[in-house]
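What follows is a set of notes on a single structure, which appears directly below.
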Amino acid sequence: DRNYYALALACSTGILNDVPYSYCAHWGMPGAISHLRSALVNVFGASGAPYFSMVQDMEHRDVDVLMLYPLDLVAVNDRFGSWMTQYGYANMVTQEKLLELGRVENGAVVLGGRRFTMLATLFEPFPDTALFDMMRQLAEQGGRVIWSGPPPVINRKGEPALEAWRALTGTEYTPAPEDGLILPGRNIAFTGSLSGVPEMTVLTDLLVDRVYPVSPGMGAETVAQIGKHVVGAHRKLGAGSVTVLGFRPRDDQSKSLGYEARHCFEILNALGTYPATGVFPDVNDNTEYLSRTSDYLCCRFPNGALAIAPHLRELEENWPGGFARKKEEDDKLLEGLTLPDGRIHLEGFKVNGKEVSYDGSHALTFRTNDANELIAFAGCTAQAITINGKTTQFADRPMPLVAWAPVREDRRVPDGAALLLFYHGEGELRLPAPGLQGQIQAFAQGPMPGSRGAALTARVENGLLIINGEAKFANHWIYVVPVAGT
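Residues in the sequence shown are numbered from 1313 upward in steps of one, following our numbering.
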């Protein structure tokens, strides 16, 4: 999953579940590689380690792009499954679920409590009339729409669909018996609003790579051509836009063909899908933009948390699968691989309005309040972090793991914990705790989940929770409990 497609699918289904959380498991790999991939799970918020998830309030990461999952691809040609482009920086949903559960509000599709300002098709030959209505509303209110793949001729009821598509896109398409052109090896050149996108080679003669010539109508501009054929058009509609791409936009961060392809990302970026926060002049600190242009995967969360991990996109899978592993065999396999070191080294790294300096490993997630105080954190092999010029040294030495977060109000119980802590190793911890006042007690979890076990030495001093992190309490949940009446 070097394109993170499975991780994105977990987040996509999770927000629609009754309990809005899904997991993205993995197996059949050496432990060292599993550890590296677990960092990605922790950053996506796809049911990662609980000490990372608590910083993110056990929610999935946020993105601005919603793509229609191409469920009908296998119906059109049964040699294919149900994917077109493996793009991990979007959420996916089927047309049916979008129309059942989604709505347009203030320039965004609202689905599962999340907002998406871009709605894109990948392969949607049988659209419902209500889909066109939703797309028009989105564009008119300031959102963006991309229709890629074949223009629709009929809907699932067998009724004509092309006229409604023409009205939405401002583009003409003439159906032909061969259902698209077969042009493998030809290059698509981008112009107009997409002029900054590099040329894209059509890979194969298969259905997914068919090319569909279109004719931009009044008010629409040409944005993509292949030889004499216009295959892309763009129009303003209300406060937003609609873009037609008569081809499959490729994206492959894994370099599976020996080189990186990121045309899907470049097109989305050219259309303004990944805006900067504006905090840093001339710097795009958008999390998805950084994920496709830097060495780090970056994600943001509804509660304001940010998460960062080194990419794992170029390690080719050349080991046998199998759930049960033999260490001796895996060690021999690893001798032939060059694994990433998993280090995180940030110097003034600008991400989603935060300037971060940090040294650690595996994965990092943190949350600050409006006063730029660090209120929740999880990181490995670290002792300090600097955010917007404010350094927090939370341990007296680099520790294998330190994680803490306030307990959400809806999880609080009378005379119960106000903060959760988890660590590996040992050291003195000095954690910012602006929500803690007066005397506190700290307990390791007892034999039953949520029960009180042995007490730790702890106090609050000048807004810091100071705890003696003894080795015997490592790998235990620590409950920090305010003393009533103090």
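Heads up, the beta-carbon is just placed ideally off N, CA and C, and yes, glycines get one too.
Values in this document were obtained by computation on a predicted structure and should not be read as measured data.
Starting from residue i, follow the alpha helix (DSSP H) in both directions and report where the run begins and ends.
| i | result |
| --- | --- |
| I1579 | H1575 to A1582 |
| P1362 | P1362 to S1365 |
| G1497 | Element bounds for G1497: n/a, residue is neither H nor E. |
| R1448 | T1441 to E1452 |
| R1562 | Segment: none, R1562 is in no alpha helix (DSSP H) and carries neither H nor E. |
| Q1751 | It is not in any alpha helix (DSSP H) - Q1751 carries neither H nor E in the DSSP assignment. |
| A1318 | Y1317 to G1326 |
| E1740 | Not the alpha helix (DSSP H): E1740 falls in the beta strand (DSSP E), residues G1739 to P1744. |
| S1603 | T1599 to T1605 |
| L1856 | Summary: the structure shown does not reach residue 1856, with the chain confined to residues 1313 through 1798, and so no result is reported for it. |
| A1420 | Run containing A1420: none in the alpha helix (DSSP H); it sits in the beta strand (DSSP E), A1420 to L1423. |
On a Cα-Cα basis, can you pick out the residue from the options that is closest to residue i?
| i | options | result |
| --- | --- | --- |
| Q1482 | S1505, P1528 and A1756 | Note on identity: in this sequence residue 1482 is Gly, with Gln being the wrong assignment. It is P1528. |
| P1710 | R1723, Y1735 and P1652 | Y1735 |
| F1755 | K1784, D1722, W1789 and G1775 | W1789 |
| L1321 | D1727, M1379 and A1344 | M1379 |
| G1570 | T1325, G1762, L1319 and R1625 | R1625 |
| W1716 | A1358, A1730 and K1784 | A1730 |
| F1592 | L1515, N1700 and L1580 | N1700 |
| G1424 | P1510, L1413 and A1432 | L1413 |
| G1539 | L1518, M1512, T1516 and Q1565 | M1512 |
| A1675 | S1365, Q1565 and Y1316 | S1365 |
| V1367 | R1522, L1686 and R1426 | L1686 |
| I1752 | N1418, V1514, V1792 and P1759 | V1792 |
| F1785 | L1741, E1773 and N1499 | L1741 |
| G1492 | L1557, R1426, G1739 and H1372 | L1557 |
| E1572 | R1604, N1499, D1374 and P1632 | R1604 |
| K1409 | L1618, L1328 and A1621 | L1328 |
| S1460 | L1495, A1536 and L1518 | A1536 |
| H1347 | D1653, Q1565 and V1795 | D1653 |
| E1667 | I1620, L1518, L1651 and K1639 | I1620 |
Between which two residues does the beta strand (DSSP E) carrying residue i extend?
| i | result |
| --- | --- |
| E1533 | A1532 to I1538 |
| E1773 | A1770 to E1773 |
| W1459 | R1456 to S1460 |
| G1665 | First-last for G1665: undefined, no H or E at that position. |
| H1347 | Segment G1343 to F1356 is the alpha helix (DSSP H) holding H1347; no beta strand (DSSP E) there. |
| Q1705 | K1702 to Q1705 |
| T1481 | First-last for T1481: L1474 to T1481, but that is the alpha helix (DSSP H), not the beta strand (DSSP E). |
Between which residues of its own chain and residue i is the CB-CB distance below 8 angstroms, once the five residues before and five after are set aside?
| i | result |
| --- | --- |
| V1465 | P1437, P1472, A1473, L1474 and P1487 |
| G1531 | G1482, R1547 and K1548 |
| T1397 | L1434, R1560, P1561, R1562, D1563 and C1576 |
| L1651 | A1344, I1345, L1348 and L1627 |
Excluding the 5 residues flanking residue i on each side, which residues of the same chain have their C-beta closer than 6 angstroms to its C-beta?
| i | result |
| --- | --- |
| T1429 | D1376, A1420 and G1455 |
| L1383 | S1394 and T1406 |
| A1432 | M1379 and I1458 |
Once you ignore the five residues that flank residue i on each side, which residues in its own chain have a CB closer than 7 angstroms to its CB?
| i | result |
| --- | --- |
| L1480 | F1444, M1447, R1448 and V1554 |
| A1696 | T1703, T1704, Q1705 and F1706 |
| Y1601 | N1581 and Y1586 |
Is it right to say residue i is buried, meaning 16 or more other beta carbons lie within 10 angstroms of its own, or is it exposed?
| i | result |
| --- | --- |
| G1286 | This structure does not reach residue 1286, given that the chain is present from 1313 up to 1798, and the question cannot be answered. |
| V1725 | exposed |
| F1635 | exposed |
| S1324 | buried |
| V1714 | buried |
| A1358 | buried |
| S1673 | buried |
| V1331 | exposed |
| A1551 | exposed |
| W1477 | buried |
So is residue i in contact with chain B if we call contact Cβ pairs under 8 angstroms?
| i | result |
| --- | --- |
| E1782 | The structure shown contains no chain B; it is built from a single protein chain. |
Fill in: Meets three-Cβ-pair contact criterion under 8 angstroms: the segment 1661-1668 and the segment 1608-1620
yes
Worksheet entry | Three or more C-beta pairs below 8 angstroms linking the segment 1385-1398 and the segment 1738-1749 | no
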